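Asks:
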Amino acid sequence: MRLSDHFTLAELTASQTAARLGIDNTPSPEMVDALRRTAQLLEQVRALLGKPILVSSGYRAPLVNRAVGGAANSAHMLGCAADFSCPAFGSPLEVAREIGQSDIVFDQLIHEFRAWVHIAWSPQPRRMVLTIDGAGTRYGLE
Ligand SMILES: [Zn+2]
Numbered sequence: 001m002r003l004s005d006h007f008t009l010a011e012l013t014a015s016q017t018a019a020r021l022g023i024d025n026t027p028s029p030e031m032v033d034a035l036r037r038t039a040q041l042l043e044q045v046r047a048l049l050g051k052p053i054l055v056s057s058g059y060r061a062p063l064v065n066r067a068v069g070g071a072a073n074s075a076h077m078l079g080c081a082a083d084f085s086c087p088a089f090g091s092p093l094e095v096a097r098e099i100g101q102s103d104i105v106f107d108q109l110i111h112e113f114r115a116w117v118h119i120a121w122s123p124q125p126r127r128m129v130l131t132i133d134g135a136g137t138r139y140g141l142e
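Numbering (this note's numbering) for the sequence shown: 1 to 142.
#1: Please list, in chain order, all residues of the same chain as alanine 72 whose beta carbon is under 6 angstroms from its beta carbon, the five residues on each side excluded.
#2: Under 8 angstroms from any heavy atom of ligand 1, does the C-beta of glycine 70 make it?
#3: Taking the Cβ atom as the reference point for each residue, do leucine 48 and serine 102 lie within a distance shorter than 9 angstroms?
#4: So for histidine 111, helix, strand or coil by DSSP?
#5: Alpha carbon to alpha carbon, how far is glutamate 11 from glycine 79?
#6: Return yes when at least one heavy atom of ligand 1 lies under 8 angstroms from the C-beta of serine 74, else no.
#7: Give me the residue from Trp116, Gly50, Ala34 with the minimum Cα distance to serine 85.
#8: Quick one: measure Cβ to Cβ for proline 29 and threonine 13, integer angstroms, because I've assumed they're closer than 8 angstroms.
#9: Can you tell me where the alpha helix (DSSP H) with isoleucine 99 in it begins and where it stops?
#10: Taking the Cβ atom as the reference point for each residue, do lysine 51 and phenylalanine 106 lie within a distance shorter than 9 angstroms?
#11: Who are glycine 136's beta bridge partners in DSSP?
#12: Between which two residues does the alpha helix (DSSP H) harbouring alanine 153 extend?
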């Protein structure tokens, strides 16, 4: 199922962890609606960067989220978040900086240190920009 011009439901629900552990990562219809909005957010990011985006994690059923060590209140469980990279554009830090300087509306933008970028939307977007690494969580990008 296509969620937007460039993103499919399969892409936003794929989980190696779910496959490995035999966990059902099928989203409910409400979650699929949320994922449609996530796909629209990713379309904005794709248009900004001008390059294809590689999604590494979108929707996560609660058991999958726990298995990958996700935050207890992770937006991934609501279908409102995606982790991605865009190697054709640059490093995760360069990608996060470009999004942070754009007028794209998001709830949280996180540079997960040198690994990927997390972006999430919410009905009350805070446009919060964070860096997470082995030392913890901090405001801003580095
Ligand atoms: Zn994430």
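Note that CB positions come from ideal geometry on N, CA and C, so glycine has one too. All values derive from a computational prediction rather than experimental measurement.
Replies: Reading from the atomic positions:
#1: As a working mapping, residue 72 is identified with position 72 in the sequence shown. For alanine 72, where only same-chain residues beyond five positions count, there are no Cβ hits under 6 angstroms.
#2: Here residue 70 is taken as the residue at index 70 of the sequence shown, counted from 1. Answer for glycine 70: yes, Cβ within range of ligand 1.
#3: Against the sequence shown, residue 48 aligns to sequence position 48. Against the sequence shown, residue 102 aligns to sequence position 102. Taking 9 angstroms as the Cβ cut-off, leucine 48 and serine 102 qualify as a contacting pair.
#4: On the sequence shown, position 111 is the one that residue 111 refers to. Histidine 111: strand per DSSP, three-state reduction.
#5: In the sequence shown, counting from the first residue as 1, residue 11 sits at position 11. In the sequence shown, counting from the first residue as 1, residue 79 sits at position 79. Rounded to the nearest angstrom, the two C-alpha atoms are 12 angstroms apart.
#6: What you label residue 74 is simply residue 74 of the sequence shown in a count that begins at 1. For ligand 1, at least one heavy atom lies less than 8 angstroms from the Cβ of serine 74.
#7: The count along the sequence shown starts at 1 and reaches residue 85 at position 85. Answer by Cα proximity: Trp116.
#8: Along the sequence shown, read from residue 1 onward, the residue named residue 29 stands at position 29. Along the sequence shown, read from residue 1 onward, the residue named residue 13 stands at position 13. Not confirmed; about 13 angstroms, so no contact.
#9: Here residue 99 refers to the residue found at position 99 of the sequence shown. Run containing isoleucine 99: 92-100, per the alpha helix (DSSP H) assignment.
#10: Translated into the one-based positions of the sequence shown, residue 51 becomes position 51. Translated into the one-based positions of the sequence shown, residue 106 becomes position 106. Taking 9 angstroms as the Cβ cut-off, lysine 51 and phenylalanine 106 do not qualify as a contacting pair.
#11: Residue 136 sits at position 136 when you count from the first residue of the sequence shown. Secondary-structure assignment with DSSP links glycine 136 through a beta bridge to Asp133.
#12: Nothing in the structure corresponds to residue 153, since the chain is present only between 1 and 142.
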